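First residue of the sequence shown? That's 1 in the UniProt record's numbering, and the numbers climb one at a time after it.
Just so you know, even glycine gets a beta-carbon here, dropped at the ideal spot from N, CA and C.
Everything numeric in this text was worked out from a predicted model, so none of it was measured.
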Amino acid sequence: MTAYALAHLRKAPIHDEVLTYLERIDATLAPFAGRFLVHGGAVDVLEGDWPGDVIVIEFPDLNQARSWYRSSAYQEIKPLRTRHLTGDVILVDGVESGHDSSQMAATIRRATGR
């Protein structure tokens, strides 16, 4: 099942190390079939507050996503980002083709008696 690395990075002044990180990250993704789907594009905030940028990287599965994040190549460049940008980073499974939220709700209702 497809998995995603999601990051919410807060705005900060651009630093040379962050530019170096950007120049090097694609090479760390390639061995794990990772690819950017969203990389800091414009955010249209409809609810709440969203200070910063959104990054979404797609991987074939959660194992590949974990392997990329733990790889020596990524760990080598990660401090170039973390020294200058704060934020949250998670890995998450996607949903199967044909996912149905109403079926999900029915399953939860049965399990919880609601």
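What is the DSSP secondary structure of residue i, reduced to helix, strand or coil?
| i | result |
| --- | --- |
| residue 97 | coil |
| residue 110 | helix |
If you draw a straight line from the alpha carbon of residue i to that of residue j, how long is it in whole angstroms?
| i | j | result |
| --- | --- | --- |
| residue 102 | residue 2 | 21 Å |
| residue 17 | residue 77 | 9 Å |
| residue 24 | residue 82 | 15 Å |
| residue 105 | residue 94 | 17 Å |
| residue 114 | residue 100 | 19 Å |
| residue 7 | residue 107 | 30 Å |
With 16 other CB atoms within 10 Å as the buried threshold, where does residue i fall?
| i | result |
| --- | --- |
| residue 65 | buried |
| residue 90 | exposed |
**Unbroken stretches of the alpha helix (DSSP H), 4 residues or longer, contained in the UniProt domain "DUF1330" (2-95)** = 16-29, 62-70 and 72-82
**Message:** Any contact between the segment 56-63 and the segment 32-40? By contact I mean 3 or more CB pairs, one from each, below 8 Å.
**Reply:** yes
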